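J.:
2 protein chains.
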Amino acid sequence: MQKPSIPKGTRDFSPEEMVKREYIFETIKSVFKKYGYLPIETPAMENLSTLLGKYGDEGDKLLFKILNSGDYLSNTDLTKINSTSPAAFSMQISEKGLRYDLTVPFARYVVQNRNDITFPFKRFQIQPVWRADRPQKGRYREFFQCDADVIGSNSLLNELELLQIIDEVFTKLGISATIKLNNRKILTGIAETIGQADRITDITVAIDKLEKTSFDTVIDELKERGLTSESIGKLVPFLQMKGTNPELIGQLKIALANSSIGLKGLEEIETIFKLTREVQVGINIDLDLTLARGLNYYTGAIIEVKANDIQIGSICGGGRYDDLTGIFGLPGISGVGISFGADRIFDVLNQLNLYPPTVNSSTKVLFLNFGEKEQIFCLKALLKMRKAGVSAELYPDPVKIKKQMDYANSRNIPFVIFAGTEEINSGIITLKNMTTGIQESGTIDTILKKVN
Amino acid sequence: MQKPSIPKGTRDFSPEEMVKREYIFETIKSVFKKYGYLPIETPAMENLSTLLGKYGDEGDKLLFKILNSGDYLSNTDLTKINSTSPAAFSMQISEKGLRYDLTVPFARYVVQNRNDITFPFKRFQIQPVWRADRPQKGRYREFFQCDADVIGSNSLLNELELLQIIDEVFTKLGISATIKLNNRKILTGIAETIGQADRITDITVAIDKLEKTSFDTVIDELKERGLTSESIGKLVPFLQMKGTNPELIGQLKIALANSSIGLKGLEEIETIFKLTREVQVGINIDLDLTLARGLNYYTGAIIEVKANDIQIGSICGGGRYDDLTGIFGLPGISGVGISFGADRIFDVLNQLNLYPPTVNSSTKVLFLNFGEKEQIFCLKALLKMRKAGVSAELYPDPVKIKKQMDYANSRNIPFVIFAGTEEINSGIITLKNMTTGIQESGTIDTILKKVN
Numbered sequence: 161m162q163k164p165s166i167p168k169g170t171r172d173f174s175p176e177e178m179v180k181r182e183y184i185f186e187t188i189k190s191v192f193k194k195y196g197y198l199p200i201e202t203p204a205m206e207n208l209s210t211l212l213g214k215y216g217d218e219g220d221k222l223l224f225k226i227l228n229s230g231d232y233l234s235n236t237d238l239t240k241i242n243s244t245s246p247a248a249f250s251m252q253i254s255e256k257g258l259r260y261d262l263t264v265p266f267a268r269y270v271v272q273n274r275n276d277i278t279f280p281f282k283r284f285q286i287q288p289v290w291r292a293d294r295p296q297k298g299r300y301r302e303f304f305q306c307d308a309d310v311i312g313s314n315s316l317l318n319e320l321e322l323l324q325i326i327d328e329v330f331t332k333l334g335i336s337a338t339i340k341l342n343n344r345k346i347l348t349g350i351a352e353t354i355g356q357a358d359r360i361t362d363i364t365v366a367i368d369k370l371e372k373t374s375f376d377t378v379i380d381e382l383k384e385r386g387l388t389s390e391s392i393g394k395l396v397p398f399l400q401m402k403g404t405n406p407e408l409i410g411q412l413k414i415a416l417a418n419s420s421i422g423l424k425g426l427e428e429i430e431t432i433f434k435l436t437r438e439v440q441v442g443i444n445i446d447l448d449l450t451l452a453r454g455l456n457y458y459t460g461a462i463i464e465v466k467a468n469d470i471q472i473g474s475i476c477g478g479g480r481y482d483d484l485t486g487i488f489g490l491p492g493i494s495g496v497g498i499s500f501g502a503d504r505i506f507d508v509l510n511q512l513n514l515y516p517p518t519v520n521s522s523t524k525v526l527f528l529n530f531g532e533k534e535q536i537f538c539l540k541a542l543l544k545m546r547k548a549g550v551s552a553e554l555y556p557d558p559v560k561i562k563k564q565m566d567y568a569n570s571r572n573i574p575f576v577i578f579a580g581t582e583e584i585n586s587g588i589i590t591l592k593n594m595t596t597g598i599q600e601s602g603t604i605d606t607i608l609k610k611v612n
Numbered sequence: 161m162q163k164p165s166i167p168k169g170t171r172d173f174s175p176e177e178m179v180k181r182e183y184i185f186e187t188i189k190s191v192f193k194k195y196g197y198l199p200i201e202t203p204a205m206e207n208l209s210t211l212l213g214k215y216g217d218e219g220d221k222l223l224f225k226i227l228n229s230g231d232y233l234s235n236t237d238l239t240k241i242n243s244t245s246p247a248a249f250s251m252q253i254s255e256k257g258l259r260y261d262l263t264v265p266f267a268r269y270v271v272q273n274r275n276d277i278t279f280p281f282k283r284f285q286i287q288p289v290w291r292a293d294r295p296q297k298g299r300y301r302e303f304f305q306c307d308a309d310v311i312g313s314n315s316l317l318n319e320l321e322l323l324q325i326i327d328e329v330f331t332k333l334g335i336s337a338t339i340k341l342n343n344r345k346i347l348t349g350i351a352e353t354i355g356q357a358d359r360i361t362d363i364t365v366a367i368d369k370l371e372k373t374s375f376d377t378v379i380d381e382l383k384e385r386g387l388t389s390e391s392i393g394k395l396v397p398f399l400q401m402k403g404t405n406p407e408l409i410g411q412l413k414i415a416l417a418n419s420s421i422g423l424k425g426l427e428e429i430e431t432i433f434k435l436t437r438e439v440q441v442g443i444n445i446d447l448d449l450t451l452a453r454g455l456n457y458y459t460g461a462i463i464e465v466k467a468n469d470i471q472i473g474s475i476c477g478g479g480r481y482d483d484l485t486g487i488f489g490l491p492g493i494s495g496v497g498i499s500f501g502a503d504r505i506f507d508v509l510n511q512l513n514l515y516p517p518t519v520n521s522s523t524k525v526l527f528l529n530f531g532e533k534e535q536i537f538c539l540k541a542l543l544k545m546r547k548a549g550v551s552a553e554l555y556p557d558p559v560k561i562k563k564q565m566d567y568a569n570s571r572n573i574p575f576v577i578f579a580g581t582e583e584i585n586s587g588i589i590t591l592k593n594m595t596t597g598i599q600e601s602g603t604i605d606t607i608l609k610k611v612n
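Here the protein sequences line up with chains U and F, keeping their order. So that you can map any letter, position 393 of the first sequence is 553 in my numbering, and since no number is skipped, the others follow by simple counting. So that you can map any letter, position 255 of the second sequence is 415 in my numbering, and since no number is skipped, the others follow by simple counting.
Below is the structure:
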């Protein structure tokens, strides 16, 4: 019989992996809570009408669609099937899809529950999402997002708060990281200034590649995208700007002097930098004009976080959007949010081995099983252990001690207790420290103190 | 524009619901851990080959199937579609399905990872499952299971441990409950004794209804199912047995005297009762011959838990299975497990209002926002609060104080801090207890002590 398997791009998590992942989720969650964010969860399945058209054509293709249950073909005109596109046919046999991210379900949630929500609404959400991407190293078809958003407030204090949260999360996890910060309004200002206000997408797509490719390639791409030589000539100084954050802001103030939206973006970013200094945000924050992620809906701040000590994609990202809920009929509510990529953070911690020693999955104490008569004694001792909050277990079968010790070793159980007939009669049991090999004897109460 | 909605049978969880659910999950998880169970998680999607045929014909129909991505119709012979059954056509366009329970994925996990697992393997798993059932009150299409299983040990100490876990979980949650206990071997013994060894399914399906329907209806059903009058006559005394656990066991020992498997079942159940007395399991445990759940794979103990103070289906169930992994090519590994129904437990706690007062979702302290100048003071005070572990926030916009107080009230935030120009200049800020209405003044450090 063939060994069973799981769908490509998905993963099982073993106990060892689970405790590490829980450590990550708990760290993020505890910071979210400390800043007053509230948890919500949404269903894995959403109506396709909620999901389609929200992630671009490419995103629509990557949605996992769920076959209607029951006699789902009865409403389908099968005579036309050969002239129907797969996408159109899908719509006839499927009306639900798996969550693709946490942002669109959140927007849907806010609109659906608008009358019960007090704004500003600070919510966090930690759940898996699914994408039918081609699986590759570090990219999965089921992966976890950890989102925090504030919706219903324009204040830049929200941006500050999210930067503080990023700082605190990565400090707690021991990951050295850098925040890249940009502002959509600055990008709009640049497009205006070079006389190409309507070409902002072309411009940012090209700029975005500056990090990965050469300056000349970017220029070529801009030409291919149909930008005039004149506007490319005006863009070049922006691409070549270098310096500290204040230096960059200084240069941009001059270069964007004629764009009111550009200046507004600069003012916002200056305020954010000022606030982060006031509250001593420790993480390095760089103004980065090449940052344009999620351009489709970001309208203000754009945030991305990179780990310093390891080559890996962004480990957190986000930004401000002014009309996320508009797509569901509730326009004009501004929000700002971030999303931690739990799977990449997991990879970073694994590769740099940054887990504290307390992150382990083991039971603390194993009672060896010497037989039926000894069991009752051990069961009663276990009651005491567990009452004191010590995780403890009795090996369930009276098999050879060697096998039981092997179990303790492979489970990384730090303490083993010997309570055979002799020990039980004398009331003095033996505790073995599996790390040091040292054995100690005592009553159950003394032993309990040693392991607690 | 139409208000967006979610698929029928699914739910959003609001912050208030989330904290209550987390309380349930954390309670169950902490008990699992104390008894040495290790967490695993499996993907939401499994290959249909893993899922199909494991839950009976009805179960197969209730699986949510996922449409293959990409050009999924290319491998489909569309000319034959009209002569193809929906089920057969589904198999051509879908090869993955959503998890239907946690038991089959666990069996698949064990077989797939058999070389890395140390047996006995004690695992717990808390994840949602999906069933295309007709939604109705208390029955959802997405719901959560909390499973604990021991696999690779025949010892009845495992059954004991699971009963202890049930006792401890419901004691911690404050739910008064009763465990019903039966043994598949006793049911087999009864079938043998009445001369209908091969009709155990018919017999148990009928017996199972004794609780909900009249004695005569059950007898009619047995006749309909083709049992002879003679065997029904022999079965009647079993259906009419009454008494305490020891009385029932006494009667059964006589009635099953000629069935070795029946006697074995009685011996097992006697041992379990004896062990529960030794370790003083507090919850009431009743031997219940009508209990036959999950008959298809249970081979020993059968467990079900009912809440005493409320009419609702079982809130936990489980049993011993001797060959769960056999379906995936690893025969002969015995296991025993239980599953807590988190959604029903949620309903019980809600209806009986059993949440401790500490279960709430609020931030502890809200700083009112008086304007830009005051913000910096508050931001720095917030640093101190959060450093001390107090969840605290600053209202992000300097809007009317009335609106900010409304926010605090609707969020159930217990403390509000006034730090306007006057307070900041004097260094003495004001704390308002939103429950009592009492106001106190002091430095940030004195105030911090009051809220911590």
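Each residue gets a CB set at the ideal place from its N, CA and C atoms; glycine is no exception. These numbers come from a predicted model, not from an experiment.
Is it the case that the Cβ atoms of A452(F) and E428(F) are separated by a distance below 8 angstroms?
T.: No. Outside cutoff.
J.: Contact check, L449(F) vs I346(F) under 8 angstroms by CB: the rounded distance?
T.: Indeed they touch by this definition, with Cβ atoms about 7 angstroms apart.
J.: As a quick exercise: from K544(U), E182(U), A337(U), pick the residue whose alpha carbon is nearest that of T606(U).
T.: When only C-alpha atoms are compared, the closest one is K544(U).
J.: Indicate whether at least one CB of chain U lies closer than 8 angstroms to the CB of L322(F).
T.: Not closer than 8 angstroms to any Cβ of chain U, the Cβ of L322(F) fails to qualify, so no.
J.: For Q400(F), name the three-state secondary structure that DSSP assigns.
T.: If DSSP states are grouped into helix, strand and coil, Q400(F) belongs with coil.
J.: Within 10 Å of its beta-carbon, does I417(U) have 16 or more other beta-carbons around it, so buried, or fewer, so exposed?
T.: Residue identity check: residue 417(U) is Ala in the sequence provided, not Ile. By the 10 Å Cβ count, A417(U) comes out exposed.
J.: Using beta carbons (cut-off 8 angstroms, strictly below), is Q252(U) in contact with chain F?
T.: Output row for Q252(U): interface = no.
J.: Is it buried or exposed, M401(F), if we count other Cβ atoms within 10 angstroms and call 16 or more buried?
T.: Exposed, by the Cβ-count rule.
J.: Let me check one thing: in DSSP terms, what residues is R283(F) bridge-paired to?
T.: Answer by DSSP bridge pairing, in chain order: L198(F), D309(F).
J.: Skipping 5 residues on each side, what residues in its chain have a beta carbon closer than 7 angstroms to that of T187(U)?
T.: So the list reads V329, K332, L333, once near-sequence residues are dropped.
J.: When the cut-off is 8 angstroms and only beta carbons count, does V310(F) lie next to chain U?
T.: Chain U contact via Cβ: present.
J.: In this structure, does DSSP put K256(U) in helix, strand or coil?
T.: Residue state, collapsed to three classes: strand.
J.: Taking DSSP as the reference, what is the three-state secondary structure of K340(F)?
T.: DSSP places K340(F) in strand when its eight states are reduced to three.
J.: Along the chain, where does the alpha helix (DSSP H) containing G422(U) start, and where does it finish?
T.: Here the alpha helix (DSSP H) through G422(U) covers 420 to 438.
J.: Show which residues of chain F have a CB atom less than 7 angstroms away from the CB atom of T202(U).
T.: In chain order: D172.
J.: Hey, P167(U) and P203(F): beta-carbon distance below 8 angstroms or not?
T.: It is a contact, given that the beta carbons lie within the stated cut-off.
J.: For the alpha helix (DSSP H) holding A502(F), just list the boundary residues, first then last.
T.: First-last of the alpha helix (DSSP H) with A502(F): 502 to 512.
J.: Any beta carbon from chain F within less than 8 angstroms of V271(U)'s own beta carbon?
T.: Output row for V271(U): interface = yes.
J.: Which of the three DSSP states, helix, strand or coil, is assigned to R571(U)?
T.: Reduced to three states, the DSSP call for R571(U) is coil.
J.: Under the three-state reduction of DSSP, which class applies to N593(U): helix, strand or coil?
T.: The answer is strand: DSSP assigns N593(U) an E or B state.
J.: Would you list, in sequence order, the uninterrupted alpha helix (DSSP H) runs of no fewer than 4 residues that lie entirely inside the segment 310 to 386 of chain F?
T.: Qualifying alpha helix (DSSP H) stretches, in chain order: 317 to 333, 344 to 353, 360 to 368, 375 to 384.
J.: Starting from G219(U), find everything on chain F with Cβ-Cβ shorter than 8 angstroms and list it in chain order.
T.: Those within 8 angstroms of G219(U) in chain F number zero; the least Cβ separation is about 12 angstroms.
J.: Contact defined as beta carbons within less than 8 angstroms: I believe Q564(U) pairs with L591(U). What is the distance between those atoms, to the nearest angstrom?
T.: With 8 angstroms as the limit, Q564(U) and L591(U) do not qualify as a contact, their Cβ atoms being about 15 angstroms apart.
J.: Return the CA-CA distance between Y183(F) and K282(F), expressed in angstroms with no decimal places.
T.: Each residue's alpha carbon lies about 23 angstroms from the other.
J.: Would DSSP call N405(F) helix, strand or coil?
T.: It is helical.
J.: Got a sec: is the Cβ-Cβ distance from S165(F) to anything in chain U below 8 angstroms?
T.: Interface residue, yes.
J.: On the three-state DSSP scale, how would you describe K466(U)?
T.: Three-state result, K466(U): strand.
J.: Return yes when the Cβ of L323(U) is within less than 8 angstroms of the Cβ of I445(U), no when it is not.
T.: The answer is yes: Cβ separation under 8 angstroms.
J.: Buried or exposed, going by whether 16 or more other CB atoms sit within 10 Å of the CB of G312(U)?
T.: By the 10 Å Cβ count, G312(U) comes out buried.
J.: Thinking C-beta only, is T523(U) closer than 8 angstroms to A548(U)?
T.: Contact: no.
J.: Is the beta carbon of Y515(F) closer than 8 angstroms to that of G495(F)?
T.: Against a cut-off of 8 angstroms, the Cβ pair of Y515(F) and G495(F) comes out as no contact.
J.: G495(F) bridges to which residues according to DSSP?
T.: G495(F) pairs with I311(F), Y481(F).
J.: Say whether chain U places a C-beta atom closer than 8 angstroms to the C-beta of Y260(F).
T.: No, because no Cβ of chain U sits closer than 8 angstroms to the Cβ of Y260(F).
J.: Below 8 angstroms on C-beta distance, what does K540(F) contact in chain U?
T.: The answer, in chain order, is E438, V439.
J.: Just tell me which of Y567(F), Y457(F), F575(F), F537(F) has its CA closest to the CA of A267(F).
T.: For the residues Y567(F), Y457(F), F575(F), F537(F), the minimum Cα distance to A267(F) belongs to Y457(F).
J.: Is it the case that the Cβ atoms of L316(U) and I432(U) are separated by a distance below 8 angstroms?
T.: Their beta carbons are under 8 angstroms apart, which means L316(U) touches I432(U) by this criterion.
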